[in-house]
Amino acid sequence: MSLYREIFAPLHCLRCDQVSEFDVQFRTTHGDHMQHYYHGHPPQDDLAARPAEIYSGFTDLYCPACFEDWQAAKIAAFFQTLAAYTDQGVLVIRPQDQRAPLTPDELLQTAQWVDAERRKYPGPAEWGWRWLLEIGYVAWQGQVIFQADDTDGTSKNIEAQAELHEYLEAMTDSELKRAGWVGGINPFDNALQVVRSVDGLLYVDSARLAAQP
């Protein structure tokens with residue numbers, strides 16, 4: 002499978018609307034290995050000899066500062082969903098060292114601790130889901146999904162685990178969109194095109210592109 006090529010272009014962040022340089026990645030069908038280009042400049046490699054072409058591209062929806070805020074918002078929305086399901090009585094979460102399940106208020110407070118941990122270890126991860134599976138005991142609609150003292154794995158219910166994951170993702174996505182995060186749980190913009198024009202230039206085609214002086 003080939004790697005990507007990347008072109009740097011001035012785009013608007015879809016959260017704060019500020020313009021910054023975004024790394025737009027795209028694939029061709031001829032020897033991609035992370036070549037670098039700049040919007041509006043002619044390519045200096047094999048693309049220079051190719052005819053006009055259009056490639057599908059993708060990049061982040063948000064600038065780095067807003068992406069940081071999005072990660073915090075995603076964790077908060079995830080735990081709001083956990084708290085809501087707990088309040089409805091369909092989800093039971095109990096830490097391994099406790100007898101009593103966590104209350105909705107305790108889950109909302111836990112979101113702050115999980116986000117603080119996330120900031121210590123940057124990188125892509127499903128922090129909320131990972132916390133949930135490591136907590137100790139989780140039951141969804143009366144079915145045990147995970148139990149920490151289960152040594153042979155018999156308490157794991159893969160189907161119920163997949164169902165809960167789907168519900169949590171859908172609700173978290175809705176919460177984020179309601180809060181103005183246009184991509185919901187998805188932080189990527191796949192609606193860009195990279196164009197090798199007839200005049201020999203390479204540029205990004207997107208409604209987010211900053212006006213050129």
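When the count follows the numbering used here, it moves up by one through the sequence shown with no breaks and lands on 214 for the last residue. Built from N, CA and C at the ideal position, the CB exists for glycine as well.
Of the candidates Val183, Arg28 and Gln144, Gln144 places its Cα closest to the Cα of Gly90. Nearest neighbour of His42 by Cα position, chosen from Arg209, Ala208 and Val199, turns out to be Val199.
By the criterion of a C-beta distance shorter than 6 Å, Asp116 is surrounded in its chain by Ala73 and Ile76, once the five residues flanking it on both sides are discounted. Within a 10 Å sphere around the beta-carbon of Trp114 sit fewer than 16 other beta-carbons, which makes this residue exposed.
DSSP, read as helix, strand or coil, puts Ala211 in coil. Residue range Gly137 to Trp141 is occupied by the beta strand (DSSP E) that includes Val139. Using a Cβ-Cβ distance cut-off of 8 Å, the stretch 88-108 and the stretch 51-68 are not in contact, since fewer than three pairs of beta carbons, one from each stretch, lie closer than that value. An exposed status is given to Val183, since fewer than 16 other beta-carbon atoms sit within 10 Å of its beta-carbon.
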